[in-house]
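K.L.:
Got a structure for you, questions after.
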C-alpha cells in the first residue's frame, strides 16, 4: 500500500480496515490467488485457496457500460459438487448458506469493479437452487 493515510477517503479506509479482507490477506496458507476464468463478457474470476478448506473468490468486471449479472456455479469454478459451502460477500457482509457445487448463483458486478467472496465449507446440509450476491 502506498498512500497518505491522513488524506485517504473514508470509503478506501473502510476497505483497508475490513476485518475479512485482512483475514484473507494474512491467511497462513500463503498461496497466491490466480485467475481461473476469463469470460467473453469481460468478467474475470480469481481464486485464492485459504486454510481450513476456505477460498477467496473475486469477480472482476472489465466492462465500462453497466452492471453485469454474471451467472455461474461452483462446479464451473472447479469446486466439488458433493460439498456444501457458505459464501460471504466481503464488502456487503451478506451470507449465503447451503451453496452446493451444482447450484446456480448470480453475482452483480459494477463496471470496473469487483465482488469479493469468502467461501468456506459448511457442515449442515441444504441447498438453494439459485442465489444472488449483490455487489
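In UniProt numbering, the protein residues as written are 1 to 135.
From the three backbone atoms N, C-alpha and C, an ideal C-beta is built for every residue, glycine too.
As the structure is a prediction and not an experimental result, all values here were calculated from the model.
(1) Residue 16 by DSSP, collapsed to three states: which one?
(2) Which one or two residues does DSSP pair with residue 8 in a beta bridge?
(3) Would you report the Cα separation of residue 58 and residue 75, rounded to the nearest angstrom?
(4) So, residue 83 versus residue 49, is the Cβ gap smaller than 8 Å?
(5) Within 10 angstroms of its Cβ, does residue 127 collect 16 or more other Cβ (buried), or is it exposed?
(6) Say whether the segment 63-72 touches the segment 37-45, bearing in mind that this needs 3 or more beta-carbon pairs closer than 8 Å, one atom from each stretch.
(7) Pull up the DSSP beta-bridge partners for residue 47, would you.
(8) What does DSSP give as the partner residues of residue 96 in its beta bridges?
(9) Beta strand (DSSP E) containing residue 121: first to last residue?
P.N.:
From the atom records:
(1) Stepping through the chain shown from its first residue, residue 16 is reached at position 16. In the structure shown, residue 16 adopts helical secondary structure according to DSSP, grouped into three states.
(2) The sequence position of residue 8 within the chain shown is 8, counting from 1. Answer is none; residue 8 lacks a bridge partner.
(3) For the purposes of this step, residue 58 is identified with residue 58 of the chain shown, where counting begins at 1. For the purposes of this step, residue 75 is identified with residue 75 of the chain shown, where counting begins at 1. Taking the Cα positions, residue 58 is about 16 Å away from residue 75.
(4) By one-based count along the chain shown, residue 83 stands at place 83. By one-based count along the chain shown, residue 49 stands at place 49. No, the pair does not count as a contact, with Cβ atoms beyond the cut-off.
(5) In the chain shown, the residue the question calls residue 127 occupies position 127. Residue confidence is low: residue 127 scores 44 on pLDDT, short of 50, so the model does not pin down where it sits. Its coordinate-derived value is still stated next. Within 10 angstroms of the beta-carbon of residue 127 lie fewer than 16 other beta-carbons, which makes it exposed.
(6) Three or more Cβ pairs closer than 8 Å define a contact, and the segment 63-72 meets that threshold against the segment 37-45.
(7) Locating residue 47 in the chain shown gives position 47, where the first residue counts as 1. In DSSP, residue 47 forms a bridge with 34 and 57.
(8) As a position in the chain shown, residue 96 is number 96, starting the count at 1. 87, per the DSSP bridge assignment.
(9) Along the chain shown, read from residue 1 onward, the residue named residue 121 stands at position 121. Segment 114-121, the beta strand (DSSP E) holding residue 121.
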